[in-house]
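Right, one structure below, let's go through it.
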Amino acid sequence: MCSDRHEAKCSYENPLYLAEEAAALDHIADGRVALGVSRGAPEAADRGWESFGYTGSTDPRGADIAAAKFETFLQAIQGHPMTRAAAQPYMSDAAPHAPLAIEPQSEELIRHIWWGSGSRATAERTGQQGLNMMSSTLLTEANGSSFGDLQAEQIDVFREAFREAGHTHVPRVSVSRSVFPVLTDRDRVLFGAGRGGDGDQIGIIDGTRSTFGRTYVGEPDRLIEELKADAAVMSADTLLLTIPSQAGVDLNLEILQNFATHVAPALGWKPNTEGPVVGDPVTA
Numbered sequence: 040m041c042s043d044r045h046e047a048k049c050s051y052e053n054p055l056y057l058a059e060e061a062a063a064l065d066h067i068a069d070g071r072v073a074l075g076v077s078r079g080a081p082e083a084a085d086r087g088w089e090s091f092g093y094t095g096s097t098d099p100r101g102a103d104i105a106a107a108k109f110e111t112f113l114q115a116i117q118g119h120p121m122t123r124a125a126a127q128p129y130m131s132d133a134a135p136h137a138p139l140a141i142e143p144q145s146e147e148l149i150r151h152i153w154w155g156s157g158s159r160a161t162a163e164r165t166g167q168q169g170l171n172m173m174s175s176t177l178l179t180e181a182n183g184s185s186f187g188d189l190q191a192e193q194i195d196v197f198r199e200a201f202r203e204a205g206h207t208h209v210p211r212v213s214v215s216r217s218v219f220p221v222l223t224d225r226d227r228v229l230f231g232a233g234r235g236g237d238g239d240q241i242g243i244i245d246g247t248r249s250t251f252g253r254t255y256v257g258e259p260d261r262l263i264e265e266l267k268a269d270a271a272v273m274s275a276d277t278l279l280l281t282i283p284s285q286a287g288v289d290l291n292l293e294i295l296q297n298f299a300t301h302v303a304p305a306l307g308w309k310p311n312t313e314g315p316v317v318g319d320p321v322t323a
């Protein structure tokens, strides 16, 4: 991947500090940053954001405070004033009481922000805001449809909202999948190929009936067929692979190399040698 991907959990972040750090990093990385932001996963701690000094949330999930912080972050990275200069600004060229924005600014940073959407509602809001959307292996809805079909509908909602909001740039859409190509007997033992169908799962997250995406395990020809039948994989412009990080660098590198060599080309992927990746145009 040609960009530096970082994911921030909004309820735990200082939005202005994050805005300054993100803008600086975007300059350092020559515009290659891909910054993923979301409300965050269900809590391991009880209202853990309060221990970081962020109080005032009336939502047990912290969704309200995360949304407010993210809006402040968006305003900051677009150059809106966040405070005013002092009456006698110390070591500053600013006029007394002049409006001050965060520094540095990166004009294109707004195009490098990805919101992690887990529902149609958040997909719609992301489209309205003109951001990129990333959708993982969990959706907080379940209606009997396959995970891929649910996620494809979510992508459609995002693109329709993006179009109706009048945005003219080209957004990005990514989906995540767990994919393990089986090329050897060792792979078969490690990844459990042949143990039967590993379908989508239904569970409860934050009190909401949710759908968890399946894991893809098999020989390359089978994986190509199954991924081509996954409506969301075919609709998105970017596929992110989730890998077992605890298994070590060597095994994970092997998984990625096997996918890139034996599966990805049949899905339309090619090595990126032409600069930053662009998404699919959203047309009327």
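In the numbering used here, each number is its position in the sequence shown, counted from 1, plus 39. We put the CB at the ideal spot given by N, CA and C, even for glycine. In this text, all values refer to a predicted model and were calculated from it rather than measured experimentally.
Minimum C-alpha distance to residue i - residue among the options
i, options, result
"Gly101", "Gly238, Ala115 and Arg78", "Arg78"
"Thr122", "Pro283, Ala137, Gln296 and Leu113", "Ala137"
"Gly89", "Gly75, Ile104 and Val76", "It is worth fixing the name first, because residue 89 is Glu in this sequence and not Gly. Ranking Gly75, Ile104 and Val76 by Cα distance to Glu89 puts Ile104 first."
"Ala124", "Glu110, Leu139 and Ile116", "Leu139"
"Glu293", "Gly314, Arg225 and Ala126", "Arg225"
"Leu229", "Ala286, Thr277 and Glu142", "Ala286"
"Ala162", "Asp188, Gly95 and Gln193", "Gln193"
"Ile282", "Val272, Ala84 and Leu295", "Leu295"
"Gly205", "Ser145, Met130, Thr322 and Gly92", "Thr322"
"Glu146", "Arg71, Pro135, Arg164 and Ala191", "Arg71"
"Arg198", "Gly187, Arg164, Ile241 and Asp188", "Arg164"
"Glu203", "Ala275, Gly169 and Ala106", "Gly169"
"Leu148", "Gly118, Ala83, Thr176 and Gly183", "Gly118"
"Leu189", "Ala73, Ala271 and Asn291", "Ala271"
"Ala305", "Ser284, Asp319 and Met273", "Met273"
"Thr277", "Ile244, Lys309 and Gly257", "Lys309"
"Ala106", "Gly155, Ser284 and Gly246", "Gly155"
"Pro320", "Thr207, Ser284, Leu290 and Thr300", "Thr207"
Contacting residues, own chain, Cβ-Cβ under 7 Å from residue i (five flanking each side not counted)
i, result
"Val317", "Val209"
"Glu52", "Lys108"
"Ala133", "Ala124 and Leu139"
"Ala200", "Glu163, Gly166 and Gln167"
"Gln144", "Ala62 and Gly118"
"Phe298", "Val218, Pro220 and Leu280"
"Gly231", "Val256"
"Pro128", "Pro135"
"Leu126", "Rather than Leu, the amino acid found at residue 126 in this sequence is Ala. For Ala126, where only same-chain residues beyond five positions count, the Cβ hits under 7 Å are Pro135 and His136."
Beta-carbon separation (whole angstroms), residue i vs residue j, contact threshold 8 Å
i, j, result
"Ser217", "Tyr255", "7 Å"
"Ser185", "Asp239", "6 Å"
"Gly75", "Trp153", "5 Å"
"Ala181", "Thr250", "5 Å"
"Gly157", "Asp269", "Actually they are not in contact, since the Cβ atoms of Gly157 and Asp269 sit about 18 Å apart, beyond 8 Å."
"Ser50", "Tyr93", "7 Å"
"Thr179", "Ile116", "About 27 Å; that fails the 8 Å criterion."
Environment of residue i [buried if 16+ CB atoms lie within 10 Å]
i, result
"Asn311", "exposed"
"Asn171", "buried"
"Glu46", "For Glu46, the predicted structure reports a pLDDT of 49, less than 50, and the residue's modelled location is therefore unreliable. A value from the coordinates is still provided. So Glu46 counts as exposed."
"Val212", "buried"
"Ile141", "buried"
"Pro54", "buried"
"Val288", "exposed"
"Asp69", "exposed"
"Cys41", "Here Cys41 scores only 32 on pLDDT, less than 50, and its place in the model should not be relied on; the value that follows carries that caveat. Under this definition Cys41 is an exposed residue."
"Ala275", "buried"
"Gly314", "exposed"
"Gly235", "Because the pLDDT at Gly235 is just 45, under 50, the model does not fix this residue reliably, and the value given afterwards should be weighed accordingly. Label assigned to Gly235: exposed."
"Leu222", "exposed"
"Gly257", "buried"
Cut-off 8 Å between Cβ atoms - residues of its own chain near residue i, not counting five sequence neighbours on either side
i, result
"Val302", "Val218, Pro220, Pro259, Leu262, Ile263 and Leu266"
"Gln114", "Met121"
"Ile241", "Ala181, Arg248, Ser249, Thr250 and Phe251"
"Asp43", "Here Asp43 scores only 42 on pLDDT, less than 50, and its place in the model should not be relied on; the value that follows carries that caveat. These residues qualify, in order along the chain: Leu64, Ala68, Arg71, Val72 and Ala73."
"Asp98", "Ile104"
Residues of its chain near residue i, where Cβ-Cβ distance is below 6 Å and the 5 sequence neighbours each way are ignored
i, result
"Thr176", "Ser215 and Gly252"
"Thr111", "Pro54"
"Glu59", "Ile141"
"Asp65", "Val72, Ser145 and Leu148"
"Ala191", "Ala270, Ala271 and Ser274"
"Arg227", "Val221"
"Arg86", "none"
"Asn291", "Ile282"
Check: residue i C-beta below 7 Å from any heavy atom of the ligand GDP
i, result
"Trp154", "This structure simply doesn't include the ligand GDP, nor any ligand for that matter."
Query raised in the report: Residue ranges of each alpha helix (DSSP H) run of no fewer than 4 residues wholly in the stretch 254-296, ordered along the chain?
Result: 259-267 and 270-274, all fully within the stretch 254-296.
Query raised in the report: Which ranges does the alpha helix (DSSP H) cover as unbroken runs of at least 4 residues, wholly within the stretch 141-215, from first to last along the chain?
Result: 159-168 and 186-203
Report task. Any chance you could list the alpha helix (DSSP H) runs of at least 4 consecutive residues sitting entirely within the stretch 94-121, in chain order? Result -> Within the stretch 94-121, the complete alpha helix (DSSP H) runs of at least 4 residues are 102-116.
Requested in this report: Any chance you could list the beta strand (DSSP E) runs of at least 3 consecutive residues sitting entirely within the stretch 53-81, in chain order?
Outcome: 72-77
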